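In this text, residue positions in the sequence shown follow this note's numbering: the first is -14, and each later residue adds one.
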Amino acid sequence: MPPVPPTVPEVDVDELDRARSDGAAVIDVRQPDEYDAGHVPGARLIPLAEVGMRTAEFPTDQPVYVICLSGGRSARATEFLRTHGVDARSVAGGTKAWIGSGRPVAHGTQPG
């Protein structure tokens, strides 16, 4: 996987967990089948291929935490969103890191 561009701010799963507790927006940019198999509770699914068409759905009044499986897709989405006025941050290590940390995981099509 190529390195994350320097313009893409990254956060770890500890920071994501704290932000979630404060009601932060979490967007999962994986495919629907990946999301259904397990995602961060409360994360909303917007697949990477749809991010450009759905930019208006991202809040601009608070940070947005973008997650994928391991960090590559979320970094690309974060870079794009930041050029469109969204204070996006990519979650380093993605859902793999979240699951590896022993935190809860939601399943199915709903944010949980």
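Beta carbons are placed, not taken as given, at the ideal position from N, Cα and C, and that holds for glycine.
Remember, it's a predicted structure, so these values are computed and weren't measured experimentally.
Residue i versus the options, residue with shortest Cα-Cα distance
i, options, result
"Pro96", "Gly56, Pro89, Leu30, Gly78", "Leu30"
"Gly8", "Cys53, Ser59, Val49", "Val49"
"Cys53", "Ala22, Val76, Thr(-8), Arg88", "Val76"
"Gln16", "Gln47, Arg39, Pro32", "Pro32"
"Asp13", "Gly70, Ala60, Gly85, Ser86", "Ala60"
"Ile84", "Pro44, Val(-2), Leu66, Pro(-6)", "Val(-2)"
"Asp46", "Phe65, Val25, Asp72", "Asp72"
"His92", "Arg3, Arg39, Val(-4), Val25", "Val25"
"Pro(-6)", "Gly56, Ala34, Met38", "Gly56"
Anticipated Cβ contact below 8 Å, residue i with residue j, distance rounded
i, j, result
"Thr94", "Asp18", "Between Asp18 and Thr94 the Cβ distance is about 10 Å, and since that is not below 8 Å, they are no contact."
"Gly27", "Arg58", "Contact flag wrong, Cβ pair sits at about 19 Å."
Sub-8 Å separation of residue i and residue j beta-carbons
i, j, result
"Arg74", "Val90", "no"
"Ala62", "Val36", "yes"
"Gly23", "Thr80", "yes"
"Leu1", "Thr40", "no"
"Glu64", "Thr(-8)", "yes"
Residue i, buried or exposed, once every other Cβ within 10 Å from all chains shown has been counted against 16
i, result
"Gly78", "buried"
"Ala34", "exposed"
If we require 3 or more residues per run, which beta strand (DSSP E) segments fall completely within the stretch -8 to 65? Here the runs fully enclosed are 10 to 13, 49 to 52.
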